[in-house]
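What follows is a set of notes on a single structure, which appears directly below.
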Amino acid sequence: MISVQNLTKMFGSQAAVDGLSFEIPAGQIVGFLGPNGAGKSTTLKMLTGMIEPTSGSATVAGCDLRTQVIEVKRRVGFVPESGAVFESLTGLEYLEMVAALYGIPQAAALARIRQFIAFFDLSFATLTDKLLGAYSKGMRRKVVITAALLHNPPVVFFDEPLDGLDANAAVGFKTLIQTLAREGRTIVYSSHILDVVERVCDRVIIIDKGKLLLDGRPETLVAQHQSGTLEHLFTSLTGGAELEQRAADFAKTFRA
Amino acid sequence: MNADPAAPPPQKPARTPEQTLRHLFLTLFLRGRSARGLQKSGVPQSVGKKLAWTLILYAAIGCIALVFRHQPVFALSLYLHGMTLMFLGMFVAASAGEVLFNQQEADILLHRPVAPRALLWAKIAVLVQISLWLAGAFNLAGLFAGISAANGGWLYPPVHALSTVLEALFCTGSVVLMYQLCLRWFGRERLDGLMTTAQVLLAITVVAGGQIVPRMMGQFGDLSRLATDSWWLPLLPPAWFAGLDDALAGSGHGSSWLLAAVGLAVTGTILWLAFGKLANDYVAGLQAIGETSPAAPAARARRCWVGRLTAVPPLSWWLHDSVSRASFQLTVAYLLRDRDMKLRIYPGIAPMLVMPFIMLLQGHGMNGRQGGQGMGGFGIAFAGAYLGLIPMLALSMIQYSQHWQAADLFRAAPLASPGALYHGARRAVLLCLVLPLVAVFGLLAWLLGGGAGTNLLLLLPGLILVPLYALIPGLGGRAIPLSQSTESAKSAGRGLRMIWVMLSSFAVAGIASWFWSIGWFWPFLLVETLVVAGLYALLRHWVNTTRWPSME
Numbered sequence: 014m015i016s017v018q019n020l021t022k023m024f025g026s027q028a029a030v031d032g033l034s035f036e037i038p039a040g041q042i043v044g045f046l047g048p049n050g051a052g053k054s055t056t057l058k059m060l061t062g063m064i065e066p067t068s069g070s071a072t073v074a075g076c077d078l079r080t081q082v083i084e085v086k087r088r089v090g091f092v093p094e095s096g097a098v099f100e101s102l103t104g105l106e107y108l109e110m111v112a113a114l115y116g117i118p119q120a121a122a123l124a125r126i127r128q129f130i131a132f133f134d135l136s137f138a139t140l141t142d143k144l145l146g147a148y149s150k151g152m153r154r155k156v157v158i159t160a161a162l163l164h165n166p167p168v169v170f171f172d173e174p175l176d177g178l179d180a181n182a183a184v185g186f187k188t189l190i191q192t193l194a195r196e197g198r199t200i201v202y203s204s205h206i207l208d209v210v211e212r213v214c215d216r217v218i219i220i221d222k223g224k225l226l227l228d229g230r231p232e233t234l235v236a237q238h239q240s241g242t243l244e245h246l247f248t249s250l251t252g253g254a255e256l257e258q259r260a261a262d263f264a265k266t267f268r269a
Numbered sequence: 002m003n004a005d006p007a008a009p010p011p012q013k014p015a016r017t018p019e020q021t022l023r024h025l026f027l028t029l030f031l032r033g034r035s036a037r038g039l040q041k042s043g044v045p046q047s048v049g050k051k052l053a054w055t056l057i058l059y060a061a062i063g064c065i066a067l068v069f070r071h072q073p074v075f076a077l078s079l080y081l082h083g084m085t086l087m088f089l090g091m092f093v094a095a096s097a098g099e100v101l102f103n104q105q106e107a108d109i110l111l112h113r114p115v116a117p118r119a120l121l122w123a124k125i126a127v128l129v130q131i132s133l134w135l136a137g138a139f140n141l142a143g144l145f146a147g148i149s150a151a152n153g154g155w156l157y158p159p160v161h162a163l164s165t166v167l168e169a170l171f172c173t174g175s176v177v178l179m180y181q182l183c184l185r186w187f188g189r190e191r192l193d194g195l196m197t198t199a200q201v202l203l204a205i206t207v208v209a210g211g212q213i214v215p216r217m218m219g220q221f222g223d224l225s226r227l228a229t230d231s232w233w234l235p236l237l238p239p240a241w242f243a244g245l246d247d248a249l250a251g252s253g254h255g256s257s258w259l260l261a262a263v264g265l266a267v268t269g270t271i272l273w274l275a276f277g278k279l280a281n282d283y284v285a286g287l288q289a290i291g292e293t294s295p296a297a298p299a300a301r302a303r304r305c306w307v308g309r310l311t312a313v314p315p316l317s318w319w320l321h322d323s324v325s326r327a328s329f330q331l332t333v334a335y336l337l338r339d340r341d342m343k344l345r346i347y348p349g350i351a352p353m354l355v356m357p358f359i360m361l362l363q364g365h366g367m368n369g370r371q372g373g374q375g376m377g378g379f380g381i382a383f384a385g386a387y388l389g390l391i392p393m394l395a396l397s398m399i400q401y402s403q404h405w406q407a408a409d410l411f412r413a414a415p416l417a418s419p420g421a422l423y424h425g426a427r428r429a430v431l432l433c434l435v436l437p438l439v440a441v442f443g444l445l446a447w448l449l450g451g452g453a454g455t456n457l458l459l460l461l462p463g464l465i466l467v468p469l470y471a472l473i474p475g476l477g478g479r480a481i482p483l484s485q486s487t488e489s490a491k492s493a494g495r496g497l498r499m500i501w502v503m504l505s506s507f508a509v510a511g512i513a514s515w516f517w518s519i520g521w522f523w524p525f526l527l528v529e530t531l532v533v534a535g536l537y538a539l540l541r542h543w544v545n546t547t548r549w550p551s552m553e
């Protein structure tokens, strides 16, 4: 479903993504991990057609990223990390606008919106009467997730999707993506909450400084590196090994 | 003896919380609060440098005061205080809402051990401080002009400096007081809407006043005839402060003393109310600002209105493309509801309307009811052509928003070109802003022409250009609605394009009035229509086929 070959993105002389290659089949949930500045968001923006790769190639849902970028966009959903929305629209206006951008007829869009708001336990009155600027962060995130899934895409990219969601909504969301994957959709899930990734994802891809570090099933990788948890494995790979020492040094400053 | 290299460097004494807050708000204000949206290279490297350029610009504009150097003190001061009040009014009206009531700031600061009253004082101090810098720069040349004024002298600079400080306090105090009264009388729920309306009206008033008052003063011809005892002068705040200058460093007339006394009394009362009596209302407002605001019932009605409008002909034909329709509805929603957008668009457009309005009136004045001959015909034709600048300006401004990150949605959507998005925004501007203005100007032209159609015909050559001009901001994939941070608006270079369009409007108006005078107006109108239609098709194709500009 996703095939990436030597994907590279240069910003000036700096490589944000440096020769990344991987394959993701349909129906898989893949955790896409890396420390801050590793190139995760840039990779996701390339794979959603928002920015052009400097070199390399990729196909998403059978469409070439360079020659069929509009077809790629038609087939992917994206929840960006910012979770930004047009705050002077009501929730319903925002979702209807998204539906229009994807050419979904209004009646069909409304039916899907009703399904999503029922799933997220939102009231229709809230969606029609309140401007998004007055929504809580969690409610806004629910609207953004709904917007990403409204056109029923076979591939969905989530960048920190749980940010702001309450515990119930987070559990519901995890169940939702597992259901979507069972139906054959490909989910790419970028997050810093590693225990959730470990529980939800079939596979993880860890990158740092734009390069691929590890790719495999979470339990296999943890066992191979004798790390105990994905979190330990991640910190040992990405320069977080001396965190305990740093924390101890930090605590000393308060004793001085 | 060398100092011990291992010894810690001498520590600066810590700033007091009040100093820290003042420094924080000053830095935030000068850098802009949306700096996160800038590329690294766009972040201001030096706050001082940016401020210095602003002050130099104000000082340069202030040099116009040298024209008044041989006029009486009162006339010079009336000009200086009028213009200062306009600049400060614009600045404080545009800044006060963001400075005083910022939701993110409440999240960052209200849990700190800082008294809300200290926050208010720090913010007011910053507003007053910057107001004084701007006023000082603008009045610099005026201080020297006052020395050589007809009844001026060396006492003028210190006296005018004092009156300028009072005016800055009056201006800041008035705006802060307006906010506090809104908060007290109408509550948090309606504060946003009321403040937006009040700021828009205030900004429009000061800009329009700034355009009209100098022209009114020009009507006096000999400014020495401008008497301080005119009955209407106590109604104008700049006259109070000009009266103070004239009382202490000019003629010393009793009427000037009276004006000065009114100014001192009003300023004192406003400061007492704004910074003392009503300060507690600010504290309550700041605490409430972080609370989730309730449903906005008006939003639903407006949505229905816009939704219904686009669902029926002729709008449904005009907006048959779903992307254009979505962009149209988005733009209309922002033009009606978004406080930041309204504060940029309407006060930005207001001064642009003053010029065609004056041209229309002057055109009528020269024209009488004789039928558009000579300069009168040109004035009316120019008023029509000048309206073409409105959609250009509005569309250039609509691309900036505090919610610009949400526009990533447009890039993620399957759209080969931003053209359809631009067309939606363009149509929203044409329908919601330009059409009402054309109707108002048309009605005015018709009334001034005594009900005859002559003036309306003379407006036509300019109005034909409006759809063409409205395409210009979208060339090259630019002006995608709400896609740029508001910070980048400050550095946007729109001036050159506007000057070209203004010159072409001037040329079209001139040619149209000439053809009118020789009786060839209708053939000219036909040729103009054909040329504009050709250019329109060309530019529209260009907008439609332009690819997305790079995000990098």
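Protein chains in written order, with the numbering used here: chain S, 14 to 269; chain Y, 2 to 553.
Even for Gly, the Cβ is constructed at its ideal location relative to N, Cα and C.
Quiz item: Beta-carbon separation of I465 of chain Y and V533 of chain Y under 8 Å?
Solution: yes
Quiz item: Taking 8 Å as the CB-CB cut-off, is E173 of chain S touching chain Y?
Solution: no
Quiz item: So, are the CB atoms of A136 of chain Y and A169 of chain Y less than 8 Å apart?
Solution: yes
Quiz item: Quick one: is H561 of chain Y buried, meaning 16 or more other Cβ sit within 10 Å of its Cβ, or exposed?
Solution: Outside the displayed range of chain Y (2 to 553) lies residue 561 of chain Y, so it cannot be described from this structure.
Practice problem: May I have the straight-line CA-CA distance separating V44 of chain Y from L234 of chain Y, to the nearest angstrom? | Solution: Low confidence applies to V44 of chain Y: its pLDDT is 47, below 50, so where it sits in the model is not reliable enough to give any reading.
Quiz item: According to DSSP, is D142 of chain S helix, strand or coil?
Solution: helix
Practice problem: Spell out the partners DSSP gives A261 of chain Y in its beta bridges. | Solution: None, per the DSSP bridge assignment.
Self-check item: Three-way DSSP call (helix, strand, coil) for T547 of chain Y in this model
Solution: coil
Exercise. Below 8 Å on the Cβ atoms is my guess for F145 of chain Y versus Y59 of chain Y; work out the distance and round it to an integer in Å.
Key: Rounded, the Cβ-Cβ distance is 16 Å, inconsistent with contact.
Quiz prompt | Where Y148 of chain S falls: helix, strand or coil (DSSP) | solution = coil
Practice problem: Take L272 of chain Y and list the residues in its own chain whose beta-carbon comes closer than 7 Å to its own, dropping the five residues that flank it on each side. | Solution: L170 and G174
Quiz item: Which same chain residues, not among the five before or five after R127 of chain S, have their C-beta less than 8 Å away from its C-beta?
Solution: F137
Quiz prompt | Beta-bridge partners of C76 of chain S, as assigned by DSSP | solution = S:V73
Quiz item: Quick one: which chain Y residues come within Cβ less than 7 Å of A111 of chain S?
Solution: This sequence places Val at residue 111 of chain S; Ala is not what is there. Ordered by position in chain Y, the residues that pass the 7 Å Cβ test against V111 of chain S are L410.
Exercise. For T251 of chain S, decide whether its Cβ has a neighbour in chain Y, counting only Cβ atoms nearer than 8 Å.
Key: no
Quiz item: Per DSSP, I148 of chain Y forms a beta bridge with which residues?
Solution: In DSSP, I148 of chain Y forms no bridge with anything.
Self-check item: Own chain, CB closer than 8 Å to D228 of chain S, minus 5 neighbours either side, in chain order
Solution: F35, R216, V217, I218 and I219
Self-check item: Within chain S, partners of V324 of chain Y - CB distance below 7 Å
Solution: A113 and L114
Practice problem: With a cut-off of 8 Å on the beta carbons, I'd call V430 of chain Y and G475 of chain Y a contact; round off their distance for me. | Solution: Contact flag wrong, Cβ pair sits at about 11 Å.
Exercise. Determine the direct distance from the alpha carbon of V324 of chain Y to that of I117 of chain S, and round the result to whole angstroms.
Key: 11 Å
Exercise. Flag this pair as yes or no: are the beta carbons of A510 of chain Y and A382 of chain Y separated by less than 8 Å?
Key: yes
Self-check item: Distance, A112 of chain S Cα to L243 of chain S Cα
Solution: 38 Å
Practice problem: Return yes when the C-beta of F442 of chain Y is under 7 Å from any heavy atom of the ligand PLP, and no when it is not. | Solution: The ligand PLP is not part of the structure shown, which contains no ligands of any sort.
Practice problem: Answer with yes or no whether the minimum CB distance from D247 of chain Y to chain S is below 8 Å. | Solution: no
Quiz item: T55 of chain S and K22 of chain S look like a contact to me (Cβ under 8 Å); what is the Cβ gap, rounded to whole Å?
Solution: 5 Å
Quiz item: By Cβ distance, which residues of its chain are closer than 7 Å to W134 of chain Y, with the 5 residues on each side in sequence left out?
Solution: L56
Practice problem: Taking all protein chains shown into account, decide if W517 of chain Y is buried (16 or more other Cβ within 10 angstroms of its Cβ) or exposed. | Solution: buried
Quiz item: Which stretch, first to last residue, makes up the beta strand (DSSP E) that contains F442 of chain Y?
Solution: F442 of chain Y -> not in any beta strand (DSSP E); alpha helix (DSSP H) instead, spanning L436 to L449.
Practice problem: Give the DSSP-derived three-state secondary structure of R370 of chain Y in the structure shown. | Solution: The pLDDT assigned to R370 of chain Y is 44, lower than 50, so where the model puts this residue is not dependable; a value taken from the coordinates is nonetheless given after this. If DSSP states are grouped into helix, strand and coil, R370 of chain Y belongs with coil.
Quiz item: What residues in its chain sit with their C-beta under 7 Å from that of M353 of chain Y, if we drop five residues either side in the sequence?
Solution: L390, I391 and L394
Quiz prompt | Beta carbon proximity, H82 of chain Y to chain C, threshold 8 Å | solution = The chain inventory of the structure shown lacks chain C, comprising the protein chains S and Y.
Quiz prompt | Nearest residue (CA-CA) to F171 of chain S, options S:G44, S:R212 and S:G223 | solution = S:G44
Quiz item: Which residues does DSSP pair with F35 of chain S in a beta bridge?
Solution: S:V17
Practice problem: Could you tell me whether any Cβ in chain S is nearer than 8 Å to the Cβ of N368 of chain Y? | Solution: For N368 of chain Y, the predicted model reports a pLDDT of 49, less than 50, meaning its position is unreliable; a value from the coordinates is still stated below. Chain S contact via Cβ: absent.
Self-check item: Residue from Y:N152, Y:R16, Y:A119 and Y:S96 whose Cα sits closest to the Cα of F69 of chain Y
Solution: Y:N152
Practice problem: Closer than 7 Å by beta-carbon distance: list the chain S residues that pair up with R16 of chain Y, in chain order. | Solution: Neighbours of R16 of chain Y on chain S: none; closest Cβ ~20 Å, over 7 Å.
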